[in-house]
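Taking it in order: structure first as structure tokens, then the write-up.
Residue numbers (my numbering): 9 to 327.
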């Protein structure tokens with residue numbers, strides 16, 4: 009099993025290392041990655057998420073509702089705890105806290121979901137469906153939290169609106185929803201729900217963008233990291249422990265409360281037990297927000313999940 013995990017993680021480290029080397033060698037300007045960021049956030053990732061959700065039958069999505077409930081609760085609880093600690097205890101700015109929280113709370117479904125789940129439950133339509141639903145769940149129900157905070161602080165900095173978050177909420181929601189990274193999977197879910205099937209030609213046309221999404225995002229993350237210095241502090245330690253150990257235990261608790269068992273229970277716990285995702289770091293860079301702590305959590309959890317994933321695989325074997 010350790011071999012399977014290392015095999016799944018190897019592409020992540022290799023591609024991030026290539027991006028890191030390209031930034032250090034000045035092959036890419038690691039102080040100005042706006043063009044690459046636009047490609048990843050506005051084209052590649054939205055295309056990948058749209059393709060994954062629009063091709064997922066609505067009946068299959070409905071059948072996965074227990075999985076959605078577990079993932080959503082685990083992510084939302086983690087978001088609330090980490091954001092509170094980041095702002096109130098560690099005195100971070102709301103933007104920095106939002107980036108850190110999204111990094112901690114949103115697991116790396118896109119890169120690790122299928123390899124890990126496929127190795128445990130076997131590859132097949134049900135496994136692919138679970139991963140697609142997980143990606144959609146994170147994109148539609150988690151990323152808007154981060155976008156809301158970033159858009160709110162951007163508006164306040166520009167002097168456009170200094171009201172409360174509640175009064176600004178309709179405008180902030182619209183700004184978040186119209187972002188391609190949210191609109192892509194959301195549109196796919198809506199089209200799936202009303203039974204509209206996309207033409208094969210259209211799906212084939214955007215397939216190359218989708219295939220490039222994860223690699224481009226990891227390369228971009230490596231480039232961003234090449235301009236930073238890794239620092240370990242209390243915030244990084246708490247964030248790493250939360251994403252690797254506590255959040256999966258929260259998912260486990262929800263599974264027990266709901267009385268779930270079998271494949272859906274194993275899937276829910278293992279998907280949450282994945283390492284931290286790269287969305288937070290990439291989002292922050294798009295808004296000009298640097299979060300060294302989020303970057304450190306991303307690196308640490310990606311390395312140490314080699315140890316924690318076998319633990320949760322063993323613990324869920326009897327479900």
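Just so you know, even glycine gets a beta-carbon here, dropped at the ideal spot from N, CA and C. Computed from a predicted model, the values in this text were never measured in an experiment.
I need the DSSP call for residue i, collapsed to helix, strand or coil.
i	result
residue 55	helix
residue 273	helix
residue 218	helix
residue 235	coil
residue 99	coil
residue 295	coil
residue 322	helix
residue 279	helix
residue 32	helix
residue 40	coil
residue 64	coil
residue 241	coil
residue 268	coil
residue 19	helix
residue 202	coil
residue 252	helix
residue 72	coil
residue 207	coil
residue 24	helix
residue 49	helix
residue 83	helix
residue 327	coil
Throw me the rounded Cβ distance for the residue i and residue j pair, which I believe falls under 8 Å.
i	j	result
residue 148	residue 193	5 Å
residue 115	residue 283	7 Å
residue 272	residue 74	5 Å
residue 13	residue 85	The Cβ separation is near 25 Å, so there is no contact.
residue 103	residue 159	Residue 103 to residue 159, Cβ: 10 Å. No contact.
residue 140	residue 61	7 Å
residue 152	residue 184	5 Å
Is it true that the CB of residue j sits closer than 9 Å to the CB of residue i?
i	j	result
residue 100	residue 248	no
residue 321	residue 278	yes
residue 226	residue 286	yes
residue 304	residue 281	no
residue 128	residue 276	no
residue 107	residue 154	yes
residue 290	residue 48	yes
residue 310	residue 30	no
residue 231	residue 44	yes
residue 23	residue 213	no
residue 288	residue 64	no
residue 293	residue 112	no
residue 218	residue 67	no
residue 181	residue 156	yes
residue 250	residue 312	no
residue 197	residue 314	no
residue 145	residue 89	no
residue 135	residue 122	yes
residue 300	residue 236	yes
residue 82	residue 94	no
residue 221	residue 17	no
According to DSSP, which residues form a beta bridge with residue i?
i	result
residue 284	115
Within 8 Å: the Cβ of residue i and any heavy atom of the ligand GTP?
i	result
residue 290	Of the ligands one can find in the structure shown there are none, so the ligand GTP has no counterpart to examine.
* Could you tell me which uninterrupted alpha helix (DSSP H) segments, each at least 4 residues in length, are contained entirely in the stretch 110 to 195, listed from first to last along the chain? => 117 to 129, 133 to 149, 151 to 165 and 173 to 185
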